[in-house]
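S.K.: Please read through the structure below; I'll follow up with questions.
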Amino acid sequence: MSLSESTRVQAREIISRYPQARSALLPMLHLVQAEEGYVSADGIALCAEELSLTTAEVAAVATFYTMYHRKPAGEYHVGVCINPGCGILGGDAIWEKLSSRLGIGHDEVTPDGKISLERIECQAACTHAPVMTANWEFLDNMTPESAIDVVEKLVSGKEVMSTRGPRIRTFKENELTLAGFDDGLVDEGVQADEQMLAGLKRAKELGQSAPGVKK
Amino acid sequence: MTVTTQTVTVTVDGVVVEVPAGTLIIRVAEMLGTAIPRFCDHPLLDPVAACRMCLVEIEGQGKPQPSCAVTVSDGMVIKTQHTSEMAEKAQAGVMEFLLINHPLDCPICDKGGECPLQNQAMTNGQGETRFEGTKRTFPKPINVSAQVLLDRERCVSCARCTRFADQIAGDPFIELLERGAKQQVGTSEDQPFDSYFSGNTIQICPVGALTSAKYRFRSRPFDLISTPTACEHCASGCALRTDVRRSTVMRRLAWDAPEVNEEWNCDKGRFAFPYTSEGRLTHPLVRDEAGNLGPASWPEALRVAAAGLAGIGKSTAVLTGGRVTVEDAKAYASFAREVLGTNDVDFRARAVSNEETAFLANHVANKPMDVTYGDLEAAKSVLLVSFEPEDESPIVFLRLRKAALSGTTKVFAVAPYTSAGLAKMKGTLLAAGPREEVSVIASAASHLSGDSVILVGERAAQTPGALTAVAELAAKTGAKLAWIPRRAGDRGALDAGLLPIDGRNTSEIVSATGSAVKGLVIGGVSPEDVDGDLLSAIDKAQFVVSLETRHTEITAEADVVLPVAVVTEKAGTFRNWEGRDRSFAAVIPTPGALSDADVLGELARELGKSLSVSDFWASATKPALKADAASTESVGNGQAVLSTWRHLLDKGSLQSGEPYLAATARVAVVRVSPATAQKLNLVDGGTATVSCCGNSASAPLIVTAGMTDDVVWLPANSEGSSLNLPSGCVVEVSQGGN
Amino acid sequence: MSKVPQVIRGFGVTFLSMFKKVTTEQYPEERDKYPPKPRFHGRHQLNRHPDGLEKCIGCELCAWACPADAIYVEGADNTEEERFSPGERYGRTYQINYLRCILCGLCIEACPTRALTMTNEYELADDSREKLIFTKEDLLAPLLSGMELPPHDMAPGTTAIDYYEGKVGSSPTPTTVKVGDDK
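Protein chains in written order, with the working numbering: chain L, 1 to 215; chain C, 1 to 738; chain U, 1 to 183.
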């Protein structure tokens, strides 16, 4: 699959947002994933061409960050946090269950291309441990059972809402959002919930504030 | 001039010193003679603090700090590993981590014996490893280019090579890929590390991760006898180190010369040396009565040569070639003018003009060194005329790039298109094909001032009026003017007087041979370089003496062939474009190897005379500089004006025998502007054929935006392009190829 | 005793020693009767792995260690087509000059792969200088049973490390046993 001319137009739009063209590389790689499902050789060539970089320089960035895939991701890219907090509270069990049910391991895709799995690092949502993500949207307070339930819904094409964010769309659709193209879903679903705001609420009760910040 | 630098006072290991503000801690320690171990630090590259080996303790800071990346501040108290337990422990710890994945293959590693990792593991590491796991391994080695091999498991991720490629050479085709323990240097699949300067990465690699195909497993460092030498390939004048094992050159390295090549050189200078040992002439050859060339003794060969030249001395011409040392050039000058009594002497084995002769006599010959590499860096602007530094004098390119990137210097180039080299220097194109050059040079005055430098290449001789225009431009703007030839011997030859003042130039010698010119004495000249048919001139000549190092087309036709020493066998001096003398010692002392000067001295004695040393330019009558008439040849349908120069790596005879180097050469392409492509019915990416006077060359076509119209560019003497014509010729250009 | 002339007394010593045990070794007639001690430093040998591949990796550490400058080594690349040793590098040229060698054994201490060891062979004399420069052919250990003459591939599925760790046995397809040319 080669990239279309409209992708190139979108890439130039991204470049125009930055004073230094090179700054556009990260969103452009998301754009490539939105188009191809992974960072393809064509995509690397396109970024290099548009930014006057060598393909080696683009490849260096694309291989450094784990959010860029070197082979096609599933339609729904599911992450399970396996860092200590989530792991102990059930993340490890969720991983075991999902991995054995789907028959795939880390960085692997189901044969039908629907689901890919990743053992992810901390998502800064430890208040909701154990945490999963589907195409980087939060799925909080998961159990092995709810994890299987969510994945089965995704596979069968039923709509799934993020527990703290909008409805979960496909990997490619979501990558376009990450590339900086508005999907109009900014206010959809639950935003910051009670648990997240608990600390702030308590601080307000006690009249505390961060040093140097005027009340 | 007094330079006021702000200084700060710091304490290193209890010693109080005052140093310029902004100095890196590691440099301050060096000044005091304290060696802090390091891998990623290189004085000519930006600090990166990647290897963490140089950790020191700074009082008041809780954690050890990388001394290669922290600049001193007033009152700073620094403790290195010699006085700080923390620093010592930190360094030993970093070393232990670096060695976890480093293989223990020092016995077969090319770096073993001269390896900073090996040495510093001994001085700053601990004797035993505590790591009991399995080391990370990679399939090895992989080619990052035909010449450069990479053993990824030896890499300590110091990023010296990638920083060099990016910051110095401007060819960032190698990068650090992946992350964490998998981090590795690599190229992209479609772009190998084909940089003219790739060999430097091998030299600065602090471990054996990068090795060269040429030197791999050929020798161990402790076998080698090293001699400081100077490069014979171009007029940049690089200092080199030549390493020899059992009378065979194993490798050449760039050597320190801060005022010239800093610590870099190009791949041609580094790898193109097999010619010194291949196909050499071992004894003199003399043509007998039957016309057969056979071996002869030195006394016989000299006697025959002297007898042949004796009667026709005044009508003999001397072509020396551009590879002569200063010493040999002086011998040629004396031999031609005083022993033979001829003024037909020329060092230029290429297209020449009488305008150029006058320009060189008036503006270059025997001038003191008034434009240097340092001046290029200090100049506000530099104008390049008929000169592509990356291809024709790579160290000038590196200096100009450094100056341009630091923001002090703007580079302007009078050229048909923006070359890769010009783009890397962030230069501005003053677009001009051969026919527009003169007017564009004249109008370039707005970019120049008294703080500017004009660099004019030897190709300017191919454009009538260009050198006159350059001289006028320099006079008008007050800019300094320097002439940069391609070959290492040209400047020395010019200063010695090997210029045809009151005599015939190279082209005139070739056309007059057989009539006014009866004899030829030829040094290191390749026939295809000369504008004119040198081989048929040799046929017509009554008597030809060739002084050569190897069997060539010329030695096959000569009457007497006298073998001379190559650079490795003799001591001598090359004078670089600045006018700076770059002397070198004999690397392989070879009994019986005679330099050109030795041979000419013997020949003069045989003729009953002797060579003398005189300053030719003190009494020479310099011809007045005036522009030659511009070409009026019309450009018809299907035709364009040729613009051409040689790539750095071409089919030059001194690059023979080194296939890995040749494989990194740039491929020949044909370039035209979009309008010209349309006019000539040429398709971008297709094959185009350029032909003229019975010769033709085909190469892929690249339609180049911003290029001058009605001009076609094609490299000369390259693999796939043997069209050796000067710029300015009108050539046929057609789609398709043979 | 003093009455016996000195001359006769001298013969007395000769006479008495006729009844002592003879210590003279009859070389070369009885050379096998007096073998050298097991740790005697004699002629060198370049050893092989059990499948016949050479142990020498051409690292030249022996040459560097040699105090008499008697050893000359040139390394070269093993290729897919022509493999002489496990790993990347092998010793293409290997020479020991026994006119210089002092049989000190520093070279075998330096050898990182135990490729170079010393035999008990001490008959190192000949009638020309050339013959006393032993080349790789002279020094290589003979092919024993189970060894295959290099160049040949490493055993399937093995790496150079397996060879160094002694995990590779003899070749399943040995060529005819060939004894090295001993000088």
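Idealized CB from N, CA, C, for every residue including glycine.
Taking beta-carbon pairs under 9 Å, can you tell me which members of the region 218–238 of chain C lie near chain U?
M.R.: Of all residues in the region 218–238 of chain C, Arg218, Ser219, Arg220, Phe222 and Asp223 have a Cβ within less than 9 Å of some Cβ in chain U.
S.K.: Counting beta carbon pairs with one atom in the region 62–75 of chain L and one in the region 122–130 of chain L, are three or more of them shorter than 8 Å?
M.R.: Segments in contact, no.
S.K.: Taking Tyr72(U) as part of the beta strand (DSSP E), name the residues at either end of that continuous run.
M.R.: Within the third sequence, the letter at position 72 stands for residue 72(U). Looking at the DSSP string, the run of the beta strand (DSSP E) that includes Tyr72(U) is Ile71 to Asp77.
S.K.: Taking any Cβ of chain C, which residues in the region 59–71 of chain U have a Cβ under 7 Å from it, in chain order?
M.R.: Those residues of the region 59–71 of chain U that come within reach of chain C (Cβ to Cβ, closer than 7 Å) are Cys59, Glu60, Leu61 and Trp64.
S.K.: What in chain C is Cβ-close to Ala59(L), meaning under 8 Å?
M.R.: What you label residue 59(L) is simply residue 59 of the first sequence in a count that begins at 1. Residues of chain C passing the Cβ test: Glu175, Leu177, Gly186 and Ser188.
S.K.: In chain order, what are the residue ranges of uninterrupted alpha helix (DSSP H) at least 4 long that sit wholly in the region 624–700 of chain C?
M.R.: Listed in chain order, they are 659–662 and 674–679.
S.K.: Given Ala134(L), which residues of its chain have a CB within under 6 Å of its CB, disregarding the five upstream and five downstream residues?
M.R.: To locate residue 134(L), count along the first sequence from 1; it is residue 134. Hits under 6 Å: Tyr76, Val78 and Ile168.
S.K.: What are the boundary residues of the alpha helix (DSSP H) that includes Glu732(C)?
M.R.: Position 732 of the second sequence holds residue 732(C). Per DSSP, Glu732(C) belongs to no alpha helix (DSSP H); it is in the beta strand (DSSP E), Val730 to Gln735.
S.K.: Any contact between the region 63–77 of chain C and the region 30–47 of chain C? By contact I mean 3 or more CB pairs, one from each, below 8 Å.
M.R.: Verdict: yes, contact present.
S.K.: Could you give the first and the last residue of the continuous alpha helix (DSSP H) run that contains Gly43(L)?
M.R.: Position 43 of the first sequence, counting from 1, holds the residue named residue 43(L). Residues Ala41 to Leu51.
S.K.: Name the chain U residues that come within less than 8 Å of Arg216(C), Cβ to Cβ?
M.R.: Taking the first residue of the second sequence as position 1, residue 216(C) is located at position 216. Within 8 Å Cβ-Cβ: Asp77.
S.K.: Compare the Cα-Cα distances from Val690(C) to each of Arg671(C), Gly706(C) and Ala705(C) and report the closest residue.
M.R.: Stepping through the second sequence from its first residue, residue 690(C) is reached at position 690. Considering only alpha carbons, the answer is Arg671(C).
S.K.: Look at the alpha carbon of Cys158(C) and the alpha carbon of Val244(C), and state the distance between them as a whole number of angstroms.
M.R.: For this step, residue 158(C) is matched to residue 158 along the second sequence. For this step, residue 244(C) is matched to residue 244 along the second sequence. In a straight line, the C-alpha of Cys158(C) is about 30 Å away from that of Val244(C).
S.K.: Does the CB of Ala56(L) have a neighbour CB from chain C at under 8 Å?
M.R.: Translated into the one-based positions of the first sequence, residue 56(L) becomes position 56. With 8 Å as the cut-off, Ala56(L) counts as an interface residue toward chain C.
S.K.: Less than 8 Å separating the beta-carbons of Asp151(C) and Thr83(C)?
M.R.: Taking the first residue of the second sequence as position 1, residue 151(C) is located at position 151. Taking the first residue of the second sequence as position 1, residue 83(C) is located at position 83. Contact: no.
S.K.: Thinking Ala488(C) and Phe574(C) are a contact (beta carbons under 8 Å), I'd like their distance in whole angstroms, please.
M.R.: Counted from its first residue, the second sequence places residue 488(C) at position 488. Counted from its first residue, the second sequence places residue 574(C) at position 574. Yes, they are in contact, since the Cβ atoms of Ala488(C) and Phe574(C) sit about 5 Å apart, within 8 Å.
S.K.: Is the shortest distance between the beta-carbon of Ile57(U) and the beta-carbons of chain C less than 8 Å?
M.R.: Translated into the one-based positions of the third sequence, residue 57(U) becomes position 57. Yes, Ile57(U) lies at the interface with chain C (some Cβ there is under 8 Å from its Cβ).
S.K.: Three or more C-beta pairs closer than 8 Å, one from the region 534–544 of chain C and one from the region 604–618 of chain C: is that the case here?
M.R.: With the cut-off at 8 Å, the region 534–544 of chain C and the region 604–618 of chain C do not touch.
S.K.: Let me see if you follow: with CB-CB separation under 8 Å, is Met1(L) close to chain C or not?
M.R.: Counting from 1 along the first sequence, the entry for residue 1(L) is found at position 1. Confidence is the limiting factor: at Met1(L) the pLDDT is only 47, short of 50, which leaves the residue's position unreliable, though a coordinate-based value still follows. So, not an interface residue.
S.K.: Leaving out five residues before and five after Val326(C) in sequence, what residues of the same chain have Cβ atoms less than 6 Å from its Cβ?
M.R.: As a working mapping, residue 326(C) is identified with position 326 in the second sequence. Closer than 6 Å at the Cβ level, and outside the excluded window around Val326(C), lie Gly492, Thr573 and Arg575.
S.K.: Can you find a C-beta in chain L that's less than 8 Å from the C-beta of Gln147(C)?
M.R.: Counted from its first residue, the second sequence places residue 147(C) at position 147. Chain L contact via Cβ: absent.
S.K.: For the region 79–91 of chain U, enumerate the residues whose C-beta is nearer than 8 Å to any C-beta of chain C, in chain order.
M.R.: Here the close residues are Gly87, Glu88 and Arg89.
S.K.: Starting from Cys231(C), trace the alpha helix (DSSP H) both ways and give me its first and last residue.
M.R.: What you label residue 231(C) is simply residue 231 of the second sequence in a count that begins at 1. It is not in any alpha helix (DSSP H) - Cys231(C) carries neither H nor E in the DSSP assignment.
S.K.: For Arg220(C), which residues of its own chain have a beta-carbon under 6 Å away from its beta-carbon, when the five flanking residues on both sides are left out?
M.R.: The residue given as residue 220(C) occupies position 220 in the second sequence. If we look at Arg220(C) and ignore the five residues flanking it on each side, its Cβ neighbours are Gly113.
S.K.: Using only alpha-carbon positions, find the residue among Ser156(L), Lys204(L) and Val151(L) that is nearest to Ser162(L).
M.R.: Start at 1 with the first residue of the first sequence, and residue 162(L) comes out as number 162. Of Ser156(L), Lys204(L) and Val151(L), the residue nearest in Cα terms is Val151(L).
S.K.: Starting from the C-beta of Glu188(L), find all residues in its chain whose C-beta is less than 7 Å away, skip the five residues before and the five after it, and write them out in chain order.
M.R.: Start at 1 with the first residue of the first sequence, and residue 188(L) comes out as number 188. Correct list, in chain order: Pro166 and Arg167.
S.K.: Along the chain, where does the alpha helix (DSSP H) containing Arg303(C) start, and where does it finish?
M.R.: The residue labelled residue 303(C) in the question sits at position 303 within the second sequence. From DSSP, the alpha helix (DSSP H) with Arg303(C) extends over Trp298 to Ala310.
S.K.: Would Thr644(C) pass as a contact of Ser727(C) if the rule is Cβ separation under 8 Å?
M.R.: Taking the first residue of the second sequence as 1, we reach residue 644(C) at position 644. Taking the first residue of the second sequence as 1, we reach residue 727(C) at position 727. In contact: Thr644(C) and Ser727(C) (Cβ atoms closer than 8 Å).
S.K.: Between the region 19–29 of chain U and the region 654–674 of chain C, can you find at least three pairs of beta-carbon atoms closer than 8 Å?
M.R.: Result no; under three Cβ-Cβ pairs closer than 8 Å.
S.K.: Taking any Cβ of chain C, which residues in the region 148–163 of chain U have a Cβ under 7 Å from it, in chain order?
M.R.: Those would be none; no residue qualifies.
S.K.: Bridge partners for Tyr196(C) per DSSP, in chain order?
M.R.: Position 196 of the second sequence, counted from the start, is the residue given in the question as residue 196(C). Tyr196(C) pairs with nothing; no bridge assigned.
S.K.: Output, in chain order, the set of chain C residues within a Cβ distance shorter than 9 Å of Phe138(L).
M.R.: For this step, residue 138(L) is matched to residue 138 along the first sequence. Those within 9 Å of Phe138(L) in chain C number zero; the least Cβ separation is about 25 Å.
S.K.: Are any of the Cβ atoms in chain C nearer than 8 Å to that of Leu25(L)?
M.R.: Looking up residue 25(L) in the first sequence gives position 25. No, no contact with chain C.
S.K.: Find out if the Cβ-Cβ distance for the pair Ser536(C), Ser653(C) is shorter than 8 Å.
M.R.: Walking along the second sequence from the start, residue 536(C) turns up at place 536. Walking along the second sequence from the start, residue 653(C) turns up at place 653. No, these two residues do not count as a Cβ contact at 8 Å.
S.K.: Is the beta carbon of Val438(C) closer than 8 Å to that of Thr477(C)?
M.R.: The count along the second sequence starts at 1 and reaches residue 477(C) at position 477. The count along the second sequence starts at 1 and reaches residue 438(C) at position 438. Not a contact, by the Cβ cut-off of 8 Å.
S.K.: By the DSSP assignment, the alpha helix (DSSP H) with Tyr164(U) in it spans what residues?
M.R.: On the third sequence, position 164 is the one that residue 164(U) refers to. Ala160 to Tyr164 is the extent of the alpha helix (DSSP H) around Tyr164(U).
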